[in-house]
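Peer 1: Questions regarding the structure given below will be posed in turn.
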Amino acid sequence: FPPTMSRYDVIVLGGGIIGCAVAEELASRGTSVCLIERRTIGSEASRAAAGILSAHMDVERPGPFLDLCLASRDRYPAWVRHLQQRSGIDVGYHTDGILCLAVTGADLRRMAARMRWQQRRGLRVERWSAARTRREEPNLSRGFLAGFVFPDEAQVDNAKLMEALAIACRKAGVACLEGEETRRLLLRGGAVSGVELASGRRIAAPVVVNCLGSWASMGGRF
């Protein structure tokens, strides 16, 4: 590579919540990081999400994925405090729980089975009758059979979270390239050596972390 080419320890592709979280964590540990986002940081799926942090409501069976979700939930409060301290932004993290409605008989059987194994696992799940559910949430319609409450689930203002992450990344020293689309990975000796941008610019790094979400395949341009 030319000596004038930008060089980093790690390149992170994608400026959503995962990409920014990875970049900020690495930079906080002394790693030189370049974050590349084709639009602006947090402008796509991460900002459009609902901010629901459900560690076990949607998990169908116990296993490694559940363990990962629960471990992530346990670490979330400390991570949020870190971001808020670094950015000065309140990201709206609250543990308010989630109410899931069983509308059909199949829904009811599936959720009841999920509740049983999750309670055996020591997770908090409650089943409410339709009448109690309407008392607790009077604006609900009557087209459901029961409510299942997951009181330990949480939520966050994902737009504020992305604002905080963008500030935290820059304060940690991440080089944030916005409005730059990655054209392809660069390889040397069978290993990644950097990326080439749509503008023709090349950036060198021995590690590239792909956090592009729905665009992770890069159209097969490797």
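In terms of this note's numbering, the sequence shown opens at residue -13 and continues consecutively.
All C-beta atoms, glycine included, are put in the ideal place defined by N, C-alpha and C.
Output the distance between the C-alpha atoms of M204 and E30, rounded to the nearest integer angstrom.
Peer 2: Between M204 and E30, the alpha-carbon positions lie close to 16 Å from each other.
Peer 1: Extract the residue ranges of the beta strand (DSSP E) inside the segment 32 to 120, only unbroken runs of 3 or more that lie entirely within it.
Peer 2: 84 to 88, 112 to 115
Peer 1: Looking at S(-8) and L20, is the spacing between their C-beta atoms short of 9 Å?
Peer 2: Reading the sequence as shown, one finds Cys at residue 20 and not Leu. Yes, the pair counts as a contact, with Cβ atoms nearer than the cut-off.
Peer 1: Are G180 and I(-3) touching if we call contact CB-CB under 9 Å?
Peer 2: Contact annotation: G180 and I(-3) have beta-carbon atoms nearer than 9 Å.
Peer 1: Suppose you measure from the CA of R121 to the CA of A184; what does that come to, to the nearest Å?
Peer 2: 56 Å
Peer 1: Taking DSSP as the reference, what is the three-state secondary structure of G180?
Peer 2: strand
Peer 1: So C156 is in the alpha helix (DSSP H); what residue range does that whole segment cover?
Peer 2: According to the sequence as given, residue 156 is Arg; it is not Cys. Counting along the chain, the alpha helix (DSSP H) containing R156 begins and ends at 144 to 158.
Peer 1: Under the three-state reduction of DSSP, which class applies to S(-8): helix, strand or coil?
Peer 2: strand
Peer 1: In angstroms, rounded to a whole number, what distance separates the CA positions of T26 and G5?
Peer 2: 13 Å
Peer 1: Given T119, which residues of its chain have a CB within under 8 Å of its CB, disregarding the five upstream and five downstream residues?
Peer 2: Excluding sequence neighbours, T119 sits near L85, L87, L126, F130, A132, G133.
Peer 1: When DSSP builds the beta bridges, which residues end up paired with F134?
Peer 2: C86, R113
Peer 1: Report the CB separation of I38 from Q141 in whole angstroms; it is logged as a contact under 8 Å.
Peer 2: About 6 Å separates the two Cβ atoms, so the contact holds.
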